[in-house]
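Each number in our numbering corresponds to the 1-based position in the sequence shown with 17 added. Notes follow the structure.
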Amino acid sequence: MQILPAPRITPVERVSGYPALPLENPSHTLESRVLRQLRRLQLHPSRSIKGFTRIPSLAYTNIDHGYDVLDIPTEWNSPQHLQFCGLRPEVAERFYAEWKKVGTGEEDGWLSGTAADECIVDLALQLMRTPRYEVLSRAGDWEGALHELGLAADVASAIMDPRYTRIRELGDPFHWAKDTIETNHDFLLELNRRIRARKTYLASLMDVRDERRLVSEVSRGPEDTAHAKVYFLPLPSHTVGNIFGMFNDTLPGFISSGSELHPTAQHYIHLLKDKSLAAEMASYIATRCRSKEAAIIHVPIPTEIIDQARRDPISWGDWSRLVWFSRNRKVKEFQGGTVPPRLRPYTERPVFEAPVCGFSEERVTGLQSYRDIQALRLDNLGAAYQLVFQGQEARKHWYGAAIRALYPDWVTDVASCMSPTFIERGDISDEEWNVKRIDCWNGWRWNSRPA
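Structure representation (structure tokens):
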């Protein structure tokens, strides 16, 4: 596939991460650079932690951070797998013993194949929530609840970081424990794919004879995943949407929290209107998770879509009722997960604008009335607002419209596009930025590039 030059862009905004080092000496030959990078991608047993493998930062980011390393579990579905995700060693061993009773087979070696559908992380999440946890959570004892869930002390401390109190209060202890564990696990899944893809790419730069020699020197990996090369796009001045997530140079790691107004939706995009709030949420992810890098994506939204969202605004009373029916567990059980007919049209809208609920499901369940529900407040004490695209068709429409608004002569297969790909970079040089590409397998087809 032809590699297109990146278009001119505005300076990824990294919320946290490592500083980039200067690029390698351009006088080095291509072969020497490829050989050096392949050697750095070798996986070595950790000298300090049994059951873990030490990898360099180059394995999970395009920027070489020198000697920065990360210890990952050597075996999938192992106690170390759970420890990496955030559990204490003794809890991980206990859950591993339960996993062995299930009889799912032997552990998979790192990069020996694609991850199994059945995963020890899924079992751990089922076993974590004990009756004692429920008591501690209802009593508001966050420290006790996180300890009962089995989280390691450093992970629990990160969740309780006072800098993110207003974000933490959007969920209960189990919500943030589950979110942290799943994010760390997703990082491993993505790393599995990324290491293999990068080795394949580097080897492809060599001639056939060298490629055979180089591939034989690197660790075995899963089947190659077909992917295209996608570049960062410039943003117009009317950008209004923000999403946040882990930054590992591969966009599918970004998350989009669901709308409280449509609890049964399977496909949605949830965009925060306030950039500082998105940055705070991204930083909270980086604080709790192992790779320690996160970013915000600033998403351009066509004017006609914004007008559609504002044409028939949701009243504060209806918004409060919708949150009440979707977040109050007692009400949901009584209603069977449905909302009253009067409110149903809101859940069927393709796009709408509404406040962000400032209460967790646990807290909403404990309220006496929907009138007690409040929106999340920003630093200026104003309500935080969100734009929500509901349903698969709405996602496709927004995605295609955003692309066409920027580059009418770029053609994309919008039917397979499920993640936005607009990133605004931070204060780094053009030379450093040129190596920050995104490997994306969303089915893009390039017909031409903008002038």
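Ideal Cβ placement from N, Cα and C applies to all residues, glycine included.
For residue i, report the span of its beta strand (DSSP E) as first-last.
i, result
"A169", "Neither: A169 is in no beta strand (DSSP E) and is coded neither H nor E."
"P358", "Here P358 belongs to no beta strand (DSSP E), and DSSP marks it neither H nor E."
In its own chain, which residues sit with a C-beta less than 6 Å from the C-beta of residue i, not counting the 5 before and 5 after it?
i, result
"G375", "Q391, A392, L393"
"W193", "I176"
"E379", "D189"
"L398", "none"
"P362", "none"
Which residues does DSSP pair with residue i in a beta bridge?
i, result
"H287", "V405"
"L104", "L168"
"R394", "A400"
"P372", "Y402"
Could you tell me the distance, in whole angstroms, from the CA atom of residue i to the CA atom of residue j?
i, j, result
"D139", "E186", "25 Å"
"D88", "P106", "15 Å"
"V119", "L168", "23 Å"
"E350", "L384", "16 Å"
"S293", "S300", "10 Å"
"G6", "D178", "Residue 6 is absent from the structure shown; the chain starts at 18 and stops at 468."
"C136", "W333", "42 Å"
"Q325", "M298", "27 Å"
"F101", "I66", "11 Å"
"W159", "S174", "11 Å"
"S337", "Q97", "43 Å"
"A303", "K195", "15 Å"
"T320", "D396", "27 Å"
"S377", "R388", "15 Å"
"P330", "V108", "48 Å"
"R328", "I318", "16 Å"
"I323", "A400", "18 Å"
"P367", "T182", "32 Å"
"A295", "P372", "14 Å"
"L289", "T355", "25 Å"
"F369", "L99", "39 Å"
"N94", "V152", "30 Å"
"E410", "Y402", "23 Å"
"G157", "L206", "34 Å"
"E365", "W341", "17 Å"
"E92", "G68", "7 Å"
"P358", "L404", "23 Å"
"D291", "V172", "27 Å"
"S386", "L360", "17 Å"
"H287", "F406", "7 Å"
"D335", "I184", "24 Å"
"T197", "Q143", "15 Å"
"H164", "L208", "28 Å"
"Y113", "E199", "17 Å"
"K117", "A141", "12 Å"
"R180", "S343", "28 Å"
I'd like the span of the alpha helix (DSSP H) that includes residue i, first residue to last.
i, result
"L148", "Here the sequence assigns Pro to residue 148, which means Leu is not the residue at that position. From DSSP, the alpha helix (DSSP H) with P148 extends over 148–155."
"A299", "292–305"
"M177", "M177 -> no alpha helix (DSSP H), and no H or E assigned at all."
"G334", "333–344"
"E186", "Counting along the chain, E186 falls outside any alpha helix (DSSP H), and DSSP gives it neither H nor E."
"E365", "Counting along the chain, E365 falls outside any alpha helix (DSSP H), and DSSP gives it neither H nor E."
"Q143", "137–145"
"Q385", "That residue, Q385, is in no alpha helix (DSSP H); it is neither H nor E in DSSP."
"I323", "320–327"
So, for residue i: in the same chain, excluding its five sequence neighbours on each side, which residues have a beta-carbon less than 8 Å away from its beta-carbon?
i, result
"F191", "M145, R146, Y150, S154, A162, L166"
"E110", "P96"
Counting only the same chain and skipping the five closest in sequence on each side, list residues whose C-beta sits under 7 Å from that of residue i.
i, result
"N201", "F101, C102, G103, C306, R307"
"T382", "N345, R346, K347"
Could you tell me whether any non-hydrogen atom of the ligand ADP is closer than 8 Å to the CB of residue i?
i, result
"G68", "With respect to the ligand ADP, the structure offers nothing, as it holds no ligand at all."
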